[in-house]
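If you read the sequence shown in UniProt numbering, its first letter stands for residue 1, the second for the next number, and so on.
Each residue gets a CB set at the ideal place from its N, CA and C atoms; glycine is no exception.
Predicted, not measured: the structure shown is a model, and the values here were computed from it.
Since the structure comes first, as structure tokens, the remarks are kept for the end.
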Amino acid sequence: MASEQNPLGLLGIEFTEFCTPDSEFMHQVFIDFGFSKLKKHQQKEIFYYKQNDINFLLNNDKKGFSCAFAKKHGPAISSMGWRVEDAQFAFDGAVARGAKPATAAAKDLPYPAIYGIGDSLIYFIDTFGEQNNIYANDFIDLDEPVITQEKGFIEVDHLTNNVYKGTMEHWSNFYKEIFGFTEVRYFDIKGSQTALISYALRSPDGSFCIPINEGKGDDRNQIDEYLKEYDGPGVQHLAFRSRDIVASLDAMEGSSIETLDIIPEYYDTIFDKLPQVTEDRERIKHHQILVDGDEEGYLLQIFTKNLFGPIFIEIIQRKNNLGFGEGNFKALFESIERDQVRRGVL
Ligand SMILES: [Fe+2]
Numbered sequence: 001m002a003s004e005q006n007p008l009g010l011l012g013i014e015f016t017e018f019c020t021p022d023s024e025f026m027h028q029v030f031i032d033f034g035f036s037k038l039k040k041h042q043q044k045e046i047f048y049y050k051q052n053d054i055n056f057l058l059n060n061d062k063k064g065f066s067c068a069f070a071k072k073h074g075p076a077i078s079s080m081g082w083r084v085e086d087a088q089f090a091f092d093g094a095v096a097r098g099a100k101p102a103t104a105a106a107k108d109l110p111y112p113a114i115y116g117i118g119d120s121l122i123y124f125i126d127t128f129g130e131q132n133n134i135y136a137n138d139f140i141d142l143d144e145p146v147i148t149q150e151k152g153f154i155e156v157d158h159l160t161n162n163v164y165k166g167t168m169e170h171w172s173n174f175y176k177e178i179f180g181f182t183e184v185r186y187f188d189i190k191g192s193q194t195a196l197i198s199y200a201l202r203s204p205d206g207s208f209c210i211p212i213n214e215g216k217g218d219d220r221n222q223i224d225e226y227l228k229e230y231d232g233p234g235v236q237h238l239a240f241r242s243r244d245i246v247a248s249l250d251a252m253e254g255s256s257i258e259t260l261d262i263i264p265e266y267y268d269t270i271f272d273k274l275p276q277v278t279e280d281r282e283r284i285k286h287h288q289i290l291v292d293g294d295e296e297g298y299l300l301q302i303f304t305k306n307l308f309g310p311i312f313i314e315i316i317q318r319k320n321n322l323g324f325g326e327g328n329f330k331a332l333f334e335s336i337e338r339d340q341v342r343r344g345v346l
């Protein structure tokens, strides 16, 4: 139920909508990750992909909001659908709390929506679950669906926003004041040449987090590089929660998806710090999976190289640990810097 802590009755992420000038490539990446292409919107060129509780829409329409969004940003996340108890109630509440409403003419889908990060849309969805959902109601089965063996990705664990210097507070207030997100962590992260600050928020229902990143120093840091390429603030990465990260990566081996490489020395000491890790250490090293944790539990994570323009995907498996891999930030940051050096940015 909606409450003081959860004023809009938020219940989680229902879908992520992508748009791109090159839908062939994006389709292939979704398939390589183990998504199945199942349906098409009744009126529009919007395709529905699914894997367990992760729903993606790929918008190929030649007009409308997402089409214009892709023209401005290149490959992008043009909207998300967030689950709520009552979409009209959530929309009215959001607007009353200061959100900018999207008019019917401005959006591609009929659900109530407001503007979010970088003028992407946040739709409010109150029809979700196994039986009665928007894909069953508003989409039709494809004659030739692309059925893929799922690869163990269960849900969206978190999504991260990159914003311009000096605007982190604006965006954290947006999530706090409109939806009731709460602060979970604040980080100051330094690589060998560049730095950033990160501020993590958790949704009022506890189902997902949004860390917000802002670059520090000159504009060569990875956040400002993203903002330049994406032409504005937006989603930097989505993290898929995996049931078994080693099995997921084994299943993806040989696909087009490349992950960041980690210095080999990382594995000289990591298992001394985290002796409780039960997964096959040779496989962890082989896939260059990162490990982080404390006495209570640990997490395993890996990051793809930039996949859709400057957007990348994280894969994460949690074992009684709700962190973001803080212990890996330095190793990861330096890995991104090595990638920036290879690309001639640093
Ligand atoms: Fe992340």
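{"Item": "Option in 168, 224, 99 with minimal Cα separation from residue 200", "Value": "168"}
{"Item": "Residue 37 (DSSP reduced to helix, strand or coil)", "Value": "strand"}
{"Item": "Runs of alpha helix (DSSP H) lying entirely within the region 214 to 296, each at least 4 residues, in chain order", "Value": "222 to 230, 245 to 252, 266 to 273, 281 to 287"}
{"Item": "Residue 124 and residue 82 closer than 8 angstroms at C-beta", "Value": "yes"}
{"Item": "Nearest-angstrom beta carbon gap, residue 214 and residue 238 [assumed within contact, 8 angstroms]", "Value": "With 8 angstroms as the limit, residue 238 and residue 214 do not qualify as a contact, their Cβ atoms being about 19 angstroms apart."}
{"Item": "Cut-off 7 angstroms between Cβ atoms - residues of its own chain near residue 286, not counting five sequence neighbours on either side", "Value": "none"}
{"Item": "Bounding residues of the alpha helix (DSSP H) (the contiguous stretch that carries residue 336)", "Value": "329 to 342"}
{"Item": "Other residues of its chain near residue 318: CB distance less than 6 angstroms, five sequence neighbours each side excluded", "Value": "299"}
{"Item": "Residue ranges of each beta strand (DSSP E) within the region 128 to 207, 3 or longer", "Value": "139 to 146, 153 to 163, 182 to 190, 195 to 202"}
{"Item": "Residue 324 CB to nearest heavy atom of ligand 1 below 7 angstroms", "Value": "yes"}
{"Item": "Residues near residue 257 in its chain [Cβ-Cβ closer than 6 angstroms; skip 5 each side]", "Value": "32, 304"}
{"Item": "beta-carbon residue 314 near ligand 1 non-hydrogen atom, thresh 7 angstroms", "Value": "yes"}
{"Item": "Alpha helix (DSSP H) segment containing residue 56, residue limits", "Value": "Residue 56 -> not in any alpha helix (DSSP H); beta strand (DSSP E) instead, spanning 54 to 59."}
{"Item": "beta-carbon residue 239 near ligand 1 non-hydrogen atom, thresh 7 angstroms", "Value": "yes"}
{"Item": "Closer than 7 angstroms: residue 278 CB and nearest ligand 1 heavy atom", "Value": "no"}
{"Item": "Simplified DSSP assignment, three categories, for residue 81", "Value": "strand"}
{"Item": "Residue 24, enclosing alpha helix (DSSP H) - first and last residue", "Value": "23 to 32"}
{"Item": "Ranges of the beta strand (DSSP E) found wholly within the region 64 to 109, counting only runs of at least 3", "Value": "76 to 84"}
{"Item": "Local Cβ density within 10 Å of residue 186, reported as buried at 16 or more and exposed below that", "Value": "exposed"}
{"Item": "Residue nearest to residue 60 in terms of C-alpha spacing, selected from 92, 34, 37, 21", "Value": "21"}
{"Item": "Validate contact between the region 236 to 251 and the region 137 to 148 using beta carbons, cut 8 angstroms, 3 pairs", "Value": "no"}
{"Item": "Outcome for residue 160 when other beta-carbon atoms lying within 10 angstroms are tallied against a minimum of 16", "Value": "buried"}
{"Item": "Residue 304: CB within 7 angstroms of a non-hydrogen atom of ligand 1", "Value": "no"}
{"Item": "Secondary structure of residue 4, DSSP reduced to three states", "Value": "coil"}
{"Item": "Spatially closest choice to residue 114 from 93, 129, 130, by CA coordinates", "Value": "93"}
{"Item": "Burial state of residue 259 (16 or more Cβ within 10 Å)", "Value": "buried"}
{"Item": "For residue 15, the residue or residues it bridges with in DSSP", "Value": "81"}
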